[in-house]
Amino acid sequence: MIDALFTQEVQLGIDIATSATIIGAMLSWFIESRRQAKKSRERGISDQARASSLSKVQSILYEFENSFSDLIASAQTFERPIDNRSGDRLGEYLRHHPEFIDVSSERLGNFYQEVDRFYESIQKRRYSLLPVLDSLHSGDKFMYDLKQDIQQVGELYNKLNSGWSQLLREFHAVYKEYYPIVLADENHNKSQEEMVGLLLEREDYIRAMLSILLDKSYWTWVESFVPKEMEEAYKTMLETNERDAAALNRAAVNFTGHLLKDPYRLFAQILRRTSVEVQTARIECKDILIKLSALTHKLLSNQEVNLDDLIKKYETEDYLGKERFIH
1 MIDALFTQEV
11 QLGIDIATSA
21 TIIGAMLSWF
31 IESRRQAKKS
41 RERGISDQAR
51 ASSLSKVQSI
61 LYEFENSFSD
71 LIASAQTFER
81 PIDNRSGDRL
91 GEYLRHHPEF
101 IDVSSERLGN
111 FYQEVDRFYE
121 SIQKRRYSLL
131 PVLDSLHSGD
141 KFMYDLKQDI
151 QQVGELYNKL
161 NSGWSQLLRE
171 FHAVYKEYYP
181 IVLADENHNK
191 SQEEMVGLLL
201 EREDYIRAML
211 SILLDKSYWT
221 WVESFVPKEM
231 EEAYKTMLET
241 NERDAAALNR
251 AAVNFTGHLL
261 KDPYRLFAQI
271 LRRTSVEVQT
281 ARIECKDILI
291 KLSALTHKLL
301 SNQEVNLDDL
311 IKKYETEDYL
321 GKERFIH
């Protein structure tokens with residue numbers, strides 16, 4: 001009896017121990033399963049978020065690409081006829097085809113409109129990009145760089161309305177208004193000195209001329225009309241707005257003389273520098289697309305990749321060629 005009881009208790013102890021082992025194993029399995037399920041859910045959410053972000057960036061990139069394509073077409077329409085005529089060829093072409101000046105001014109205006117559209121589309125879509133960038137590791141720096149690029153596009157747009165492009169418009173207006181005087185029948189027999197004096201007696205011409213000669217942003221072009229020994233005095237005048245009559249008078253006479261003698265050479269100078277401004281603007285716009293392309297790569301990749309390194313890689317000639325390739 002006692003032996004049977006002892007045997008039963010031992011068997012019960014063994015059963016309890018076995019059950020505890022089984023329960024422990026099941027509990028470990030359950031906890032691990034819950035942990036794996038949680039990780040799977042988190043991974044699923046992460047993958048869904050990544051897919052959603054990728055879709056959003058690709059949609060924005062596609063929109064920007066279409067806008068950029070129109071911008072490039074407009075830029076090339078303006079740039080190519082100018083850049084393809086090197087040296088004195090552009091001035092000679094303008095001499096025989098003065099209508100090209102009007103055509104170029106119109107094309108430049110079209111380019112402004114495309115830059116404006118591109119800039120507006122970026123400003124509008126930054127609200128969609130912000131949450132995506134904010135969720136990324138090192139997204140803050142990317143967001144800062146992108147905002148800087150957007151700001152630079154805005155500044156370039158303003159510059160297009162105040163730099164060489166604005167000089168082209170102002171000089172074109174002076175040319176159209178006053179160069180016909182040279183061609184008038186009553187002035188055919190007058191010397192250039194007499195014609196310079198004739199224009200400098202007109203208040204309307206003087207106002208239009210001084211708008212160019214006294215604009216600081218035009219100095220790199222205006223300095224060609226200022227004698228070397230007067231350059232420092234002239235620059236001081238531009239900074240202080242205190243007129244230096246001698247320097248200004250010499251610049252006015254030289255400017256007017258070149259306008260009457262060879263306005264097409266002056267137009268060629270301005271058009272070339274305006275073309276450089278247009279090129280700079282389109283490269284800056286392209287820089288934004290390159291950054292978004294790099295961001296797309298990062299979202300597509302499951303590996304942790306450095307966004308700055310991707311951008312630098314995409315800027316090279318092996319990829320998107322930021323400065324070499326037009327598109």
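In terms of full-length UniProt numbering, the sequence shown opens at residue 1 and continues consecutively.
Even for Gly, the Cβ is constructed at its ideal location relative to N, Cα and C.
Because the structure is a prediction, the values reported are computed rather than measured.
Please say whether residue j and residue i have beta carbons closer to each other than 8 Å?
| i | j | result |
| --- | --- | --- |
| Y218 | L199 | no |
| A281 | L136 | no |
| R119 | Y157 | Note that residue 119 corresponds to Tyr in the displayed sequence, not to Arg. A contact, by the Cβ cut-off of 8 Å. |
| K286 | F68 | yes |
| I72 | I326 | yes |
| L108 | I101 | no |
| F142 | L238 | no |
| Y175 | P263 | yes |
| F225 | N254 | yes |
Hey, out of the options, whose CA is closest to residue i's CA?
| i | options | result |
| --- | --- | --- |
| A246 | R85, E229 and T256 | E229 |
| L129 | I60, Q76 and A252 | I60 |
| E155 | Y112, V196, T240 and A184 | Y112 |
| Q166 | S211, L238 and I283 | S211 |
| P180 | R169, A233 and M195 | M195 |
| S121 | I150, K141 and V103 | I150 |
| F78 | S105, R95, D215 and E65 | S105 |
| S53 | K147, E239, L292 and L71 | L292 |
| Q152 | V115, H97, E170 and Y62 | V115 |
| N84 | Y62, E315, S301 and A268 | A268 |
| P98 | H172, E317 and Q279 | H172 |
| R169 | G87, D204 and V103 | V103 |
| D215 | T240, G197 and G321 | T240 |
| S55 | R207, D88 and V132 | V132 |
8 Å is my cut-off, CB to CB: does residue i come that close to chain C?
| i | result |
| --- | --- |
| F267 | The structure shown contains no chain C, having only a single protein chain. |
Residues in its own chain within less than 7 Å of residue i by CB, not counting five upstream and five downstream?
| i | result |
| --- | --- |
| A252 | L200, M209 and L213 |
| W164 | I270, R273, T274 and E277 |
| Q192 | G257, L260 and K261 |
| K313 | Y319 |
| G44 | Low confidence applies here, because G44 scores a pLDDT of 39, under 50, leaving its location unreliable; read the following figure in that light. If we look at G44 and ignore the five residues flanking it on each side, it has no Cβ neighbours. |
| E223 | E231 |
| E315 | I290 and K322 |
| L183 | none |
| D70 | E114 |
Assuming residue i contacts residue j (C-beta within less than 8 Å), just tell me the rounded distance between them.
| i | j | result |
| --- | --- | --- |
| S74 | N110 | 5 Å |
| L289 | H297 | In fact, because the Cβ distance is near 13 Å, the residues do not count as touching under 8 Å. |
| R243 | P227 | Their Cβ separation, rounded to whole angstroms, is 17 Å, which puts R243 and P227 out of contact at 8 Å. |
| V57 | L299 | 6 Å |
Beta-carbon within less than 6 Å of residue i's beta-carbon, same chain only, minus the 5 sequence neighbours each way: which residues are those?
| i | result |
| --- | --- |
| R265 | G91 |
| A37 | Residue confidence is low: A37 scores 42 on pLDDT, short of 50, so the model does not pin down where it sits. No coordinate-derived value is stated. |
| I82 | L271 and S275 |
| A233 | D244 and A247 |
| I14 | Here the model assigns I14 a pLDDT of 49, short of 50, so the residue's position is not dependable and the matter cannot be decided. |
| V305 | K298 |
What residues in its chain sit with their C-beta under 8 Å from that of residue i, if we drop five residues either side in the sequence?
| i | result |
| --- | --- |
| F64 | F118, S121, I122, R125, I288, L289 and L292 |
| R324 | E317 |
| Q279 | A75 and E79 |
Is residue i a contact residue of the ligand FMN, with contact defined as CB to any heavy atom under 7 Å?
| i | result |
| --- | --- |
| D83 | With respect to the ligand FMN, the structure shown offers nothing to examine, as it has no ligands at all. |
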